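Q: Got a structure here, written out as structure tokens. Questions coming.
There are 2 protein chains.
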Amino acid sequence: MTETARPGVESSPWSPRETELLAVTLQLLQEHGYDRLTVDAVAASARASKATVYRRWPSKAELVLAAFIEGCRQIAVHPQTGTLRGDLLQLGHAISRQTSEQAGTIRAVLVEISRHPALRDAMQHEFLDQRKALMQDILRDAVLRGEIDAAAIGDELWDLLPGYLIFRSIMPNRPLTERTVEALVDEVAIPSLTRHRKANG
Amino acid sequence: MTETARPGVESSPWSPRETELLAVTLQLLQEHGYDRLTVDAVAASARASKATVYRRWPSKAELVLAAFIEGCRQIAVHPQTGTLRGDLLQLGHAISRQTSEQAGTIRAVLVEISRHPALRDAMQHEFLDQRKALMQDILRDAVLRGEIDAAAIGDELWDLLPGYLIFRSIMPNRPLTERTVEALVDEVAIPSLTRHRKANG
């Protein structure tokens, strides 16, 4: 078995200054929401020229998507707790915190993405592909430890856990709690991933 | 055991004329999307006066939410196939068709709802409460048939199946297929709902 780079811990595609601009964007999004965010406010808060921001991200939608993806990238580290349950809980709690804080941004990004194919491609290549690789990596480790069968790793529902947590974060009156993540792991993900096991053993 | 009304088949809260206006709204949403929809266009298409439409739904957001809820209400009939798997598949396929057709509307509604508490309450009382009752009804039938244990019916994840399907419909590059619904039922919902069973028996 060859050692491959862990998804999620690859180095950032941004310079330190760009990373700082994206962090400011995410902070302002959390404080004021997508509608009231302006590129000018981001530049002012970060003490950057507007030209610097616009050169990298020609539109507000591109800036916000980049900030959201960068925020997610930083938390998407392979948990390595030593058990499938531990890994899924740690990942689930991290996603849960992130999506709850950024619910307004996620709603806005979903609308903007549906309007702009270029944003859709960025989302696919800079975000979803990495998320999928991370999830597959967690599951492959569980196969190697003998916790689940390789047959349990499918392509159709790989994003069930993050997808449902995102759904909950953007729905009204359904706040995410730690209990949500625990139920999702213990009552859904583990029974689903071990279904071959139980049938055979 | 007393016979209670089946959720989802309750009579419409709207007059035939209002139902017609909502159907026209849904049709125009599907054709042109939320942004390009106007209340004037709905009135013109339905040969109604603008005053008639505005009297019932004072804003575009209220009109669109009502149209979306009415569209969902019509498909949310208790399947009664005789098996849990059959019921979940039928419900899943119905939700899948509806959400795929109305993905743009769902995105827009989620944004509007986050801005207007009154819309959030309408969504809760005219939509989510009924959906939850329908799902609980399907699961109670499965308990009565001896397919699952009552302990499998929880409050935390009752909307996992519709929630994930909605997530898939509003995400780019993850189109829903019949296979998605089958995998969700056979590889996730049924293993989750029968997890007590397998542990005991």
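So the protein lines, in turn, are chains A and B. For the first sequence, position 90 (counting from the first letter as 1) is numbered 90 according to the UniProt record's numbering, and the numbering increases by one without interruption. For the second sequence, position 188 (counting from the first letter as 1) is numbered 188 according to the UniProt record's numbering, and the numbering increases by one without interruption. Beta carbons are placed, not taken as given, at the ideal position from N, Cα and C, and that holds for glycine. Keep in mind that this is a model prediction, so the values were computed, not measured.
(1) Count the other CB atoms, across all protein chains shown, that sit within 10 Å of the CB of Ile75(B); report buried if there are 16 or more and exposed otherwise.
(2) Does the contact criterion of 3 or more C-beta pairs under 8 angstroms hold for the stretch 63-80 of chain A versus the stretch 111-131 of chain A?
(3) Gly71(B) versus chain A: which residues are under 7 angstroms apart at the beta carbon?
(4) Would Leu165(A) and Leu184(B) qualify as a contact pair, given that the criterion is a beta-carbon distance under 9 angstroms?
(5) Under the assumption that Val77(B) contacts Ser45(B) (Cβ atoms under 8 angstroms), give the Cβ distance between them as a whole number of angstroms.
(6) For the alpha helix (DSSP H) containing His93(A), name the first residue and the last one.
(7) Since Ile69(B) is in the alpha helix (DSSP H), which residue starts that stretch and which ends it?
(8) Could you check what DSSP says for Leu176(B) in three-state terms: helix, strand or coil?
(9) What is the DSSP secondary structure of Thr81(B), counted as helix, strand or coil?
(10) So that I know if they touch, is there some Cβ in chain A lying closer than 9 angstroms to that of Ala183(B)?
(11) Look at the Cβ atom of Gly92(B), then the Cβ atom of Arg168(A), and state whether they are nearer than 9 angstroms.
(12) Name the residue from Ala142(A), Pro117(A) and Asp40(A) whose alpha carbon lies nearest to the alpha carbon of Leu84(A).
(13) Note down the Cα distance separating Asp40(A) from Pro58(A), rounded to an integer number of angstroms.
(14) Between Lys50(B), Leu22(B) and Ala103(B), which lies nearest to Arg174(B) when the distance is taken from Cα to Cα?
(15) Please classify Gln98(B): is it buried, with 16 or more other beta-carbons within 10 angstroms of its beta-carbon, or exposed?
(16) Counting only C-beta atoms, is Ser114(B) closer than 9 angstroms to chain A at any point?
(17) Considering only their Cβ atoms, is the gap separating Trp158(A) from Glu70(A) smaller than 9 angstroms?
(18) Going straight from the alpha carbon of Leu37(B) to that of His196(A), what length do you get?
(19) Since Pro191(B) and Pro117(A) should fall inside the 8 angstroms C-beta cutoff, what is the C-beta to C-beta distance between them, to a whole number of angstroms?
(20) Do you know how far the Cα of Leu134(B) is from the Cα of Val188(B)?
(21) Which value, in whole angstroms, describes the spacing of the CA atoms of Asp35(A) and Thr194(A)?
(22) Would you tell me roughly how many angstroms separate the C-alpha atoms of Arg140(B) and Leu88(A), rounded to the nearest one?
(23) Are the C-beta of Ile138(A) and some C-beta of chain B separated by less than 9 angstroms?
(24) What residues from the stretch 150-173 of chain B come within 8 angstroms of chain A, judged by C-beta to C-beta, listed N to C?
(25) Classify Glu156(B) as helix, strand or coil using the three-state DSSP reduction.
(26) Please classify Ser96(A): is it buried, with 16 or more other beta-carbons within 10 angstroms of its beta-carbon, or exposed?
A: If we stick to the structure as given:
(1) Here residue 75(B) refers to the residue found at position 75 of the second sequence. With fewer than 16 Cβ atoms within 10 Å of its Cβ, Ile75(B) is classed as exposed.
(2) Output reads yes: the stretch 111-131 of chain A touches the stretch 63-80 of chain A.
(3) Along the second sequence, read from residue 1 onward, the residue named residue 71(B) stands at position 71. In chain A, no part has a C-beta under 7 angstroms from the C-beta of Gly71(B); the shortest such distance is about 18 angstroms.
(4) As a working mapping, residue 165(A) is identified with position 165 in the first sequence. As a working mapping, residue 184(B) is identified with position 184 in the second sequence. Result no, Cβ atoms of Leu165(A) and Leu184(B) do not sit closer than 9 angstroms.
(5) For the purposes of this step, residue 77(B) is identified with residue 77 of the second sequence, where counting begins at 1. For the purposes of this step, residue 45(B) is identified with residue 45 of the second sequence, where counting begins at 1. Wrong, their Cβ atoms sit about 27 angstroms apart, outside the cutoff.
(6) Looking up residue 93(A) in the first sequence gives position 93. Note, His93(A): alpha helix (DSSP H), Leu84 to Glu101.
(7) Here residue 69(B) corresponds to residue number 69 of the second sequence, with the count starting at 1. Counting along the chain, the alpha helix (DSSP H) containing Ile69(B) begins and ends at Lys60 to Ile75.
(8) Counting from one through the second sequence, the residue named residue 176(B) turns up at place 176. The answer is coil: DSSP assigns Leu176(B) none of H, G, I, E or B.
(9) What you label residue 81(B) is simply residue 81 of the second sequence in a count that begins at 1. If DSSP states are grouped into helix, strand and coil, Thr81(B) belongs with coil.
(10) What you label residue 183(B) is simply residue 183 of the second sequence in a count that begins at 1. In terms of beta-carbon proximity, Ala183(B) lines the interface with chain A, with at least one pair separated by less than 9 angstroms.
(11) As a working mapping, residue 92(B) is identified with position 92 in the second sequence. As a working mapping, residue 168(A) is identified with position 168 in the first sequence. No.
(12) Here residue 84(A) corresponds to residue number 84 of the first sequence, with the count starting at 1. Of the listed residues, the one whose Cα sits closest to Leu84(A) is Ala142(A).
(13) In the first sequence, counting from the first residue as 1, residue 40(A) sits at position 40. In the first sequence, counting from the first residue as 1, residue 58(A) sits at position 58. Distance between the alpha carbons of Asp40(A) and Pro58(A): 12 angstroms.
(14) Taking the first residue of the second sequence as position 1, residue 174(B) is located at position 174. From the listed residues Lys50(B), Leu22(B) and Ala103(B), the smallest Cα separation to Arg174(B) is found for Ala103(B).
(15) One-based indexing of the second sequence puts residue 98(B) at position 98. Here Gln98(B) is buried: its Cβ has 16 or more other Cβ atoms, across all protein chains shown, within 10 Å.
(16) Here the question's residue 114(B) lines up with position 114 in the second sequence. Under the 9 angstroms criterion on CB atoms, Ser114(B) is classed as interfacial with respect to chain A.
(17) Position 70 of the first sequence, counted from the start, is the residue given in the question as residue 70(A). Position 158 of the first sequence, counted from the start, is the residue given in the question as residue 158(A). Not closer than 9 angstroms, so no.
(18) The sequence position of residue 37(B) within the second sequence is 37, counting from 1. The sequence position of residue 196(A) within the first sequence is 196, counting from 1. Approximately 49 angstroms between the Cα atoms of the pair.
(19) Position 191 of the second sequence, counted from the first residue, corresponds to residue 191(B). Position 117 of the first sequence, counted from the first residue, corresponds to residue 117(A). A Cβ-Cβ separation of about 37 angstroms leaves Pro191(B) out of contact with Pro117(A) under the 8 angstroms criterion.
(20) Reading the second sequence from its first residue, position 188 is the one you call residue 188(B). Reading the second sequence from its first residue, position 134 is the one you call residue 134(B). The alpha-carbon separation between Val188(B) and Leu134(B) amounts to approximately 19 angstroms.
(21) Taking the first sequence and counting its residues from 1, one reaches residue 35(A) at position 35. Taking the first sequence and counting its residues from 1, one reaches residue 194(A) at position 194. Rounded to the nearest angstrom, the gap between the Cα atoms of Asp35(A) and Thr194(A) is 44 angstroms.
(22) Locating residue 140(B) in the second sequence gives position 140, counting from the first residue. Locating residue 88(A) in the first sequence gives position 88, counting from the first residue. Approximately 30 angstroms, taken between the alpha carbons.
(23) Here residue 138(A) refers to the residue found at position 138 of the first sequence. With a threshold of 9 angstroms between beta carbons, Ile138(A) makes no contact with chain B.
(24) Residues passing the 8 angstroms Cβ filter: Gly154, Glu156, Leu157, Asp159, Leu160, Gly163, Tyr164, Ile166, Phe167, Arg168, Ile170, Met171, Pro172 and Asn173.
(25) Along the second sequence, one-based indexing puts residue 156(B) at 156. Looking at Glu156(B) - three-state DSSP - the assignment turns out to be coil, as it is neither helix nor strand.
(26) Translated into positions along the first sequence, residue 96(A) becomes position 96. With at least 16 other beta carbons inside 10 angstroms of its own, Ser96(A) counts as buried.
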